[in-house]
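J.: Below are the structure tokens for one structure; questions will follow.
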Amino acid sequence: MAYQVPCHLRDQNIGFKSKDLMELTGAKVDVIERCSGHDGTWSAKTEYFNLSMGIARKAVREVMSIPADLVASDCPLAGLQLDQAGAAAYAVAGARFIPSKLFVTPKGCPNESPEMTPLAKGDLLPYEVYERSRDSFRKRIIELKQRRRLSVGDKVTLVFENRDTIQFQIQEMIRAERIVDPDKVQGELDVYNALLPGDGELSATLFIEITDSDQIERDLDAFQGIDRGQTVAMLAGSSAVYGQFESGHSKEDKISAVHCVRFCPSPEWIREVAQEGAAVSIRIDHSAYQREAKVSDEMRQEWLADLRL
524 MAYQVPCHLR
534 DQNIGFKSKD
544 LMELTGAKVD
554 VIERCSGHDG
564 TWSAKTEYFN
574 LSMGIARKAV
584 REVMSIPADL
594 VASDCPLAGL
604 QLDQAGAAAY
614 AVAGARFIPS
624 KLFVTPKGCP
634 NESPEMTPLA
644 KGDLLPYEVY
654 ERSRDSFRKR
664 IIELKQRRRL
674 SVGDKVTLVF
684 ENRDTIQFQI
694 QEMIRAERIV
704 DPDKVQGELD
714 VYNALLPGDG
724 ELSATLFIEI
734 TDSDQIERDL
744 DAFQGIDRGQ
754 TVAMLAGSSA
764 VYGQFESGHS
774 KEDKISAVHC
784 VRFCPSPEWI
794 REVAQEGAAV
804 SIRIDHSAYQ
814 REAKVSDEMR
824 QEWLADLRL
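To convert, note that position 200 of the sequence shown is 723 in this note's numbering; the numbers rise steadily by one, no gaps.
This is the structure in structure tokens:
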């Protein structure tokens, strides 16, 4: 068992009684003395929440570095903070936490309230509210996408999607088209929710970027077949995970410039990526385009958050 000890328990200097009790059962308990970033009500305040999540993710990574079957925290609030570090949903309208049970869960088991649950109508801001808050919403998403965007060479870019990036696209579509009919709103939700990663997945939108308008058709044709086979790989140490392209974006003689790509990481790949300072990259291996780009630590942390690690 990986057992996180909160700051206040260490300050009390009374020992780790819960650890002692668990060891009476014969369990092997590894202690992680790392702050969760909760600090009373500090982490629940809008202006401090994202900062607190950064602190909590460091604790989560340390917990996950231990080969344990269970993870636990001595404090329910610290446990909630650690749980949210990989699954917190934060809307521009204010702090909103996904409900969480006690942070005692077999590692590798699906969480009962994953972050990547499909968006529903109730998650969207009403048109008038979004219009008033659009500038701050856009600023937040632009900053988020900077951490989730990677150019692999000069012609291919990947943006890894989560609920925030998808909500932004839906809100912008509703705004641009002035969609108010509930059925049409649901239609947009159905289309964009399909871009969200499933449990244990990472999902990216891949853009083939052609800047010369006179050469669009020729240059796009050169990418025929990129959506078949092991053409896009996420590399971490000696492990590789290959992207699976969504069907329907190419024909025998035509290929789309935009694709949805899903990655299903293996436990070995996840262990490599979870290491602090891990060397991670994305490689494209296509007959007409071979490029590789290093993944930033910020993007690596975004991946770990998507995978609830």
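Cβ atoms here follow ideal geometry from the backbone N, Cα and C, with glycine treated the same way.
(1) Between Ile-689 and Tyr-650, is the Cβ-Cβ spacing less than 8 Å?
(2) Taking the straight line between their C-alpha atoms, what separation do you get for Glu-684 and Ile-693?
(3) Quick one: measure Cβ to Cβ for His-782 and Leu-729, integer angstroms, because I've assumed they're closer than 8 Å.
(4) How far does the alpha helix (DSSP H) with Arg-686 in it extend, from its first residue to its last?
(5) Apart from the five residues just before and just after Gly-631, which ones in its own chain have a Cβ nearer than 8 Å to its Cβ?
(6) Closer than 8 Å, CB to CB, is Ala-756 near chain B or not?
(7) Using DSSP's beta-bridge definition, name the partner residues of Ser-674.
(8) Whole angstroms is fine: what's the gap from Arg-741's alpha carbon to Val-652's?
(9) Can you tell me which residues form a DSSP beta bridge with Val-495?
(10) Whose C-alpha, out of Leu-648, Ser-762, Glu-825, is nearest the C-alpha of Arg-806?
(11) Whole angstroms is fine: what's the gap from Asn-716's alpha carbon to Lys-662's?
(12) Using a 10 Å radius around the Cβ and a threshold of 16 neighbouring Cβ atoms, would you call Glu-821 buried or exposed?
(13) Do you know offhand how far Lys-817's Cα is from Ser-804's?
(14) Looking only at its chain, what residues have a beta carbon closer than 8 Å to the beta carbon of Ala-802, apart from the 5 residues adjacent to it on each side?
(15) List the residues that DSSP assigns as beta-bridge partners of Arg-785.
(16) I'd like to confirm the pairing. Which residues does DSSP put opposite Ile-555 in its beta bridges?
(17) Beta carbon of Phe-786, beta carbon of Glu-724: below 8 Å?
(18) Please classify Val-764: is it buried, with 16 or more other beta-carbons within 10 angstroms of its beta-carbon, or exposed?
(19) Applying the 10 Å Cβ sphere with the 16-neighbour rule, what's the burial state of Ile-560?
(20) Find out if the Cβ-Cβ distance for the pair Ala-811, Ile-731 is shorter than 8 Å.
(21) What separation, rounded to the nearest whole angstrom, lies between the Cα atoms of Glu-769 and Leu-544?
(22) Nearest by alpha-carbon distance to Asp-713: which of Ser-659, Val-679, Arg-686, Pro-641 is it?
(23) Let me confirm a value: Thr-548 is counted as buried when at least 16 other C-beta atoms fall within 10 Å, else exposed. Which label applies?
(24) In angstroms, rounded to a whole number, what distance separates the CA positions of Arg-672 and Thr-680?
(25) Note down, in chain order, each residue of its chain lying with its Cβ closer than 7 Å to the Cβ of Leu-743, except the 5 sequence neighbours on either side.
(26) Asp-808 by DSSP, collapsed to three states: which one?
(27) Could you tell me how far apart the beta carbons of Met-524 and Lys-551 are, in whole angstroms, since I believe they sit closer than 8 Å?
(28) Suppose the cutoff is 8 Å on Cβ atoms and the five residues either side in sequence are ignored; what does the same chain contact list for Val-796 look like?
(29) Compute the distance between the beta-carbons of Ala-727 and Val-682, then report whether it is under 8 Å.
(30) Measure from the alpha carbon of Ser-659 to the alpha carbon of each residue in Gln-669, Gly-676, Lys-644, Phe-691, then state which is nearest.
(31) Going by CA-CA distance only, name the one from Asp-722, Asp-737, Gln-753 that's closest to Leu-830.
T.: Reading from the atomic positions:
(1) no
(2) 13 Å
(3) 4 Å
(4) 686-700
(5) Legend: pLDDT at Gly-631 = 39, less than 50; position of this residue unreliable, value from coordinates given subsequently. So the list reads Pro-790, once near-sequence residues are dropped.
(6) You won't find chain B in this structure, because it holds only one protein chain.
(7) Thr-680
(8) For Arg-741 and Val-652, the gap between their C-alpha atoms comes out near 44 Å.
(9) The structure shown has nothing for residue 495, since the chain only spans 524 to 832.
(10) Ser-762
(11) 22 Å
(12) exposed
(13) The straight-line gap separating the alpha-carbon atoms of Lys-817 and Ser-804 is approximately 4 Å.
(14) Ala-759, Gly-760, Lys-817
(15) Beta-bridge pairing links Arg-785 to Ser-726, Gln-767.
(16) Gln-527
(17) Contact: yes.
(18) buried
(19) According to the sequence shown, residue 560 is Gly rather than Ile. Per the 10 Å Cβ criterion, buried.
(20) For the 8 Å CB-CB criterion, Ala-811 and Ile-731 do not form a contact.
(21) 50 Å
(22) Pro-641
(23) It counts as exposed.
(24) 7 Å
(25) Annotation for Leu-743: Ile-731, Ile-733, Ile-778, Ala-780 place their beta carbon closer than 7 Å to its own, counting only its chain and skipping 5 residues before and after.
(26) strand
(27) 7 Å
(28) Ala-759, Pro-788, Val-803, Arg-823, Trp-826, Leu-827
(29) yes
(30) Phe-691
(31) Asp-722
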